[in-house]
Structures are given as structure tokens and as C-alpha cells.
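This note's numbering numbers the first residue of the sequence shown as 46 and each following residue consecutively. Where is the CB? At the ideal position from N, CA and C, for every residue including glycine. The structure displayed is predicted, hence computed values, not measured ones.
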Amino acid sequence: MEVEEGDEGSGGGGGSGSKKDDTVEISSENSGPARSRSEDDLLDHDDDEDDADKSKKKKRKKYHRHTADQIREMEALFKESPHPDEKQRQQLSKQLGLAPRQVKFWFQNRRTQIKAIQERHENSLLKQELDKLRDENKAMRETINKACCLNCGMATTAKDGSITAEEQQLRIENAKLKAEVEKLRTVIGKYPPGASTTGSCSSENDQENRSSLDFYTGIFGLEKSRIMEIVNQAMEELQKMATAGEPLWVRSVETGREILNYDEYVKEFSVESSSNGRPKRSIEASRETGVVFLDLPRLVQSFMDANQWKEMFPCIISKAATVDVICHGEAPNKNGAVQLMFAELQMLTPLVPTREVYFVRYCKQLSAEQWAIVDVSIDKVEENIDASLVKCRKRPSGCIIQDKTNGHCKVIWVEHLECQKNTVHTLFRTIVRSGLAFGARHWMATLQHQCERLVFFMATNVPTKDSTGVATLAGRKSILKLAQRMTWSFCHSIGASSYHTWNKVSTKTGEDIRVSSRKNLNDPGEPHGVIVCAVSSVWLPVSPTLLFDFLRDESRRSEWDIMSNGGPVQSIANLAKGKDRGNAVTIQAMKSKENSMWVLQDSCTNAFESMVVFAHVDVTGIQSVITGCDSSNMAILPSGFSILPDGLESRPLVISSRHEKSNDTEGGSLLTVAFQILTNSSPTAKLTMESVESVNTIVSCTLRNIKTSLQCEDG
């Protein structure tokens, strides 16, 4: 929201300077603490003060605390017009019995407070970038300082002690990182956590122990006590939604999934609805139950830490941040913790817009074996930060987690969203509007898959058949860790996140291909230089299982991979990372007359979606990783496939008295193909049309080969 030049900055001076208004409200940064004073306090002067001096002094101000009705009326106008003109201020002042200048200062202070909230959110994202830079800085220092690898014993420095070219480059990058860290530290230092840019009558010690939300009264239109009341009500609703049966939830005979009966929901929870019995916006509600292989404390922690939460759901969450902590809860288990969070939700295609949502997350221990995590959007939070965010809001959603011993937990997941309808590409319209794309089934399937992957990563008694080609546990862990980083990078690179700018490119063969480019200056996990990513999504009349098995099968790789030149593919290693045989990490060698090219492949499948992610790797580098060497600085550039059901067999997950049944049909697959290439090793180089055409050709040929092999050219 724009701020008037010369208005907010001078608000404090106007309230404490020569203006002669009798009652003004001041709460800007320059004006000092805002407080209420009685008339007696203001007229209490020292009897010994000289009368002549008193007449020369400017009149002292009376401080006025507005009533709830006055604030409500001003907030209503603020929503429509944050910068009211003189006529509007005069009219409102007469209506509320306030001086026009009081109304002016209230609007001025409100805009200042909103600006503070926006800056706080930006600083939260800056802090994440700062943490990332610190980690990269630390990794580079360790790389330079290590004399040899502890696992393989290979020297990392020249024998004569001189600095190698690689070390010299790392030191240059390290210096750049230090400069960047200092720059970010300076910016963030202006707005320390918990500090407020608005006035307060609290002391500095009090500020350290209070949430910044305490200072933003009026920004959200709610006191902290009211926020706690809302999250407790949301917790009660979540528990009912998680445990209730019919008539609130009705099981579909066709699909077996549970459908929310919205009419019953309105009756049960007294929800406001429009006159025709349907909600004003589209409602997506779903529920899923499952068992995950992770202990309860670790599972709860993964929800309350924004970074861990994002890593747990890389295919759904493209951005996540904890904007503010309202209540820290009990240490160390987070019982009672309440925090304001932000998330950008995505699908693995640039064709579906992301969903940005602010919500308050509340963690509560219900019993010795049961916990609950509830999310709920609060009125006025999104409007005051970014009015566009009201397009998607969370009604009470979350999960009930029950400890089942032996490291297992039963999870009941409820996802309940209120969204404005927006334009979605025809390919994905059914799966998005049916509520499947961002529904409970998707979240639960991803959670189960990630927890199982973690169990297999930590396992020490791995059967030989589940770890062929890698002799040691250290080597197995290094390969699995590298594959996971590769898949995370892939998920981060192909969505519609604001991180990327996608451009539609016309092709001779008619494919709908989207292209974006980026420059990697200092991330050691990717090649340095200009990187181009091309993505295309298509519908295929093939079941997702059949398509996934075809793409992950190394014996059929030459049928679609144009880089293999039709040559044979040899399996170097195969590491299981789940009970399903499709969840595996493999290393493959593609032999040709000239040389041998190695490929690292991570295939993932769950009850909702599947992925096959791969990257060409340096043979010497991957061999050192197999022996157990650290893979964190190994540059890798992933490409791959995302496979989803097309959703045509589904029905909307909300029904009401006016909902019409749809006919179920057999569905196929939504295949997204993504390739990334390094077009120039110099980050300062410009993107050329030849590079774009090159990556487009790879995507087009790959799609054509897949359709030919699966005999669905006309699909």
C-alpha cells in the first residue's frame, strides 16, 4: 500500500509540534509513546513556574483514546479509501464527534502501522536469505580449510601447500558472500525481531518479552486475547471435523472419498452463507486418515518450524515463513505455541497459479498420546498486508496426531480452504476445481512418503537387495542426500512461484512450452552461469502407474532420452528408499562410442503423484560420493517428470442441496516435462535465442518419443 510522501514521515512532528488542536492521537515512530491523560494531568503545572514563560510556551496536547465505535467506522472507511480527502475527513469527523485533524492523524498512523507490518514480512524473507548465505559461507570455509576428506583420505590441497585454482575461486566467492551477508545484516538490524515501528508505552524490557502483535493493535483489528479466542475456537472445530461422521461427511460410492456436506456444516458451525445456500466463494474441503513412520515429537516440530515444514512438502510449498510468534508455548515441545505464518502453495507446473495465504498456526497437546495442529486465517490480516491475498483463506484446517508407539503416528488431516475462482489452464481445471490438487489426500500422501524416505535414510540394517552398488552406509547416505537435494531443486524450479518469470514460446510442432531463465552466481549446489528451464504439460490417455513405470525403467530409457542416442543403459547402483519398489535412487551409465555418461535418478511415487527426477553427473565426483564423501557442494542441474491423475474420475469434495452429480469417467495422466540446461558458464552472459530453441527441442523430442513408445500420438 502506497504511503503519501511527506505525510507519514511528518506525522509525529505534526502531533507534537506547533499544531494547536486540543485532542489528537499520536502513535508514529517520531512522536514517542502514545498514552491517555486526563484533563487534570495536563493542567497540573508547577506553581513556581514563571507566568511570562508559561504564556510563551505552546499549548500542551490532550491525548484522546478513540471509542470502539469510532475505530470501527474509521476502519470501514479505511478499507475503501486509505487516503481520504478533506471532504471525507470532514464528514467523518462530524459523524463521530471528532476534530478533522484527529481523523487525519488516525488515518496517518494507520498507514504507518501497515507499512511496518509489510516491512516486517519482507524482513522475515530477508532473514531466510541471510541464513542461506551464512550456510553457504560456512560450507565454503570448511571446503577451503579441510586438508583431506575423512572418508576417502584424498587430499584437497596441492602437495606443495600452494593455493589451487579451485580454492582461489572459493575464496573469491566467500568474499562476495561476506559482503552480501553484511548488507542483509544492516537491513535486518533496522527492524529487530519483536520490535515495532509504532509507538508504545512499554519499556524496552517489556518489548523484549512481548510479541510485536501486541504493538499492532488495530492493524489486525483484534487484540491478542481475541486472536487466542479465535484459535481455540478453530481447534474445537478441527476436532469435530476430524472425528464426525455422517451427516457432516458423506462417503462417495463411486470414489470412496469423503465429501463434506456443506449444508450440515453451516448448521453445525453457524457459518454465514449466501441466500441460495451456497458459500460466497468456492469451498474446498477434504479429510484423509493415514499412518506415518515418524515419532510424535519430531512430527510436531516439523510443523512448527517453517523451514522443516517446507522441506517436508517440497512439491506443495514453494515459500514458507514464520512472520511473527504470538505465543512461544512450552519448551521444548511447543505445546500452546501460536504463530503467524505465510505460505505460497504450488503445483509442479507453471500453468497453475500459486496460492498465497497468511494464517495463524496453533499447536496443542490434547492428551498424553494426542496432539493437534490447527491453521486458520484471521480477518484483516491479508487485507492489511496485501489485499490480493484474500483470494485464498484457510478455514480451520490441520491435523490430529496420535502416537501409536514404535515410531508410528496416526494422522487425521482436514484441509478446508475458501478461494476465489481464478483462471486455470484447461488441462488442470478439473483436478484444481475438484479440490484434489491442494486437498488432504495430497498433503497426507506427501507426508507419508517423506516420513518413509527419512526412515530409510536413517536405517542401519539395510538388506543387500535394497542397496546394490554402494558398499557402505556412509556412501548410501551421501547418495540419498544428494538425490533428495536434486528433487527439492527440481520442485523449486518448475512451479508458478513468484521466484520465476515464465514466457510462452511458440514451437514448430505446436507444444505449449514455457521458458524461464536465471543466473547462478554463488550457489555451489548448481553450475555457475546462465540456466534455462523449459516446461511443458500434456494430457496422455495412459494411467499414471503405467506412465511412471515406463519413465523410471532404465531398460527403456533409450526410448525417450535423446541424450542416450539409443545406446544401452547399465545400472551402477540401486538404493531403495521406500516399501514401494518405485521409490528408489539409481545411478545409470549410458555408454556411447565416444564416452560414458552417468545419470543420477530419483524416482518417487505415492498415493497421489509420482516424479522421476534425474541429472547428468560428473563421473569422478559421483564416485567419491559413493565412497561416502560429502555431496553438499556437488553441482547438479535436475530435469525430470511430474505425473498426476487427470482428476476426471473425481467429484467435487463439497456437496449441498443444490449440487448436481457428475458422471465419472476413466481418467488418464497429466504429465509435466521439465528440462534445465546451462547455456553459459559466465553469469554475466546474455540469454540467446539459440539456447531457448535448444532446450525447447529437447522437450519437444522427449514428448514425441514418449507418445510414440506408449502409442498415444493422437492423445
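Start and end residues, alpha helix (DSSP H) containing residue i
i: Thr288; result: 269-288
i: Phe686; result: Here Phe686 belongs to no alpha helix (DSSP H); instead the beta strand (DSSP E) covers 684-690.
i: Ile743; result: 734-754
i: Ser538; result: 518-539
i: Thr590; result: 589-597
i: Arg498; result: 485-503
i: Gln345; result: The sequence given here has Val at residue 345, not Gln. That run of the alpha helix (DSSP H) goes 341-349.
i: Lys139; result: 131-141
i: Val670; result: 664-671
i: Arg117; result: 113-125
Rounded Cβ spacing between residue i and residue j (contact assumed at less than 8 Å)
i: Glu460; j: Ser331; result: 5 Å
i: Val740; j: Val577; result: 5 Å
i: Gly484; j: Met392; result: Actually they are not in contact, since the Cβ atoms of Gly484 and Met392 sit about 12 Å apart, beyond 8 Å.
i: Ser616; j: Glu599; result: 6 Å
i: Val670; j: Ser523; result: 5 Å
Outcome for residue i when other beta-carbon atoms lying within 10 angstroms are tallied against a minimum of 16
i: His494; result: buried
i: Leu170; result: exposed
i: His373; result: exposed
i: Pro342; result: exposed
i: Gln756; result: exposed
i: Ala730; result: exposed
i: Asp130; result: exposed
i: Ala113; result: exposed
i: Ala279; result: buried
i: Met503; result: exposed
Inter-residue Cα distance where the pair is residue i and residue j
i: Ala621; j: Phe348; result: 26 Å
i: Asn154; j: Leu137; result: 17 Å
i: Ser754; j: Met489; result: 33 Å
i: Phe720; j: Arg296; result: 41 Å
i: Phe659; j: Leu645; result: 5 Å
i: Val664; j: Arg474; result: 43 Å
i: Arg271; j: Ile371; result: 12 Å
i: Gly570; j: Glu497; result: 25 Å
i: Thr742; j: Leu716; result: 17 Å
i: Leu305; j: Trp294; result: 5 Å
i: Ser726; j: His470; result: 35 Å
i: Trp458; j: Ala287; result: 7 Å
i: Gln135; j: Arg438; result: 36 Å
i: Ser412; j: Cys454; result: 14 Å
i: Ser562; j: Ser543; result: 13 Å
i: Cys746; j: Thr468; result: 29 Å
i: Asp606; j: Asp647; result: 16 Å
i: Thr724; j: Leu492; result: 36 Å
i: Tyr403; j: Leu527; result: 32 Å
i: Pro508; j: Leu518; result: 11 Å
Boundaries of the beta strand (DSSP E) in which residue i is found, first to last residue
i: Leu544; result: The sequence given here places Tyr at residue 544; Leu does not occur at that position. Careful: Tyr544 lies outside any beta strand (DSSP E) and carries neither H nor E.
i: Leu385; result: 383-390
i: Leu481; result: Unbroken run through Leu481: none, as it is neither H nor E.
i: Val646; result: Sequence inspection shows Gln at residue 646; the Val mentioned does not correspond to that position. Its beta strand (DSSP E) spans residues 641-650.
i: Leu716; result: 714-725
i: Cys454; result: 454-464
i: Asn565; result: 558-565
i: Thr334; result: 327-337
i: Asp369; result: 362-372
i: Ala634; result: 629-636
i: Glu303; result: 303-306
i: Ala413; result: Counting along the chain, Ala413 falls outside any beta strand (DSSP E), and DSSP gives it neither H nor E.
i: Ala621; result: 614-621
i: Cys437; result: 437-439
i: Asp448; result: 442-448
i: Trp294; result: 294-296
i: Ala144; result: No beta strand (DSSP E) contains Ala144, which DSSP labels as neither H nor E.
Close-in-space but distant-in-sequence residues of the same chain around residue i (CB under 8 Å, 5 per side omitted)
i: Arg559; result: Pro395, Leu396, Trp547, Asn548, Lys549, Val550, Ala579, Val580, Ser581
i: Val276; result: Val383, Val405, Tyr407, Val419, Val421
i: Pro728; result: Lys564, Asn565, Leu566, His573, Gly574, Val575
Close beta carbons around residue i, own chain, < 6 Å, minus the five adjacent residues each side
i: Gln410; result: Asn380, Trp416
i: Val583; result: Leu716
i: Met199; result: Here Met199 scores only 46 on pLDDT, less than 50, and its place in the model should not be relied on; the value that follows carries that caveat. Correct list: empty, nothing qualifies.
i: Leu596; result: Val657, Phe686
i: Leu592; result: Ile688, Ser714
Residues near residue i in its chain [Cβ-Cβ closer than 7 Å; skip 5 each side]
i: Cys536; result: Pro359, Cys360, Leu393
i: Lys355; result: Ile362, Ala365
i: Val515; result: Arg521, Ile524, Ala618, Leu620, Ile671
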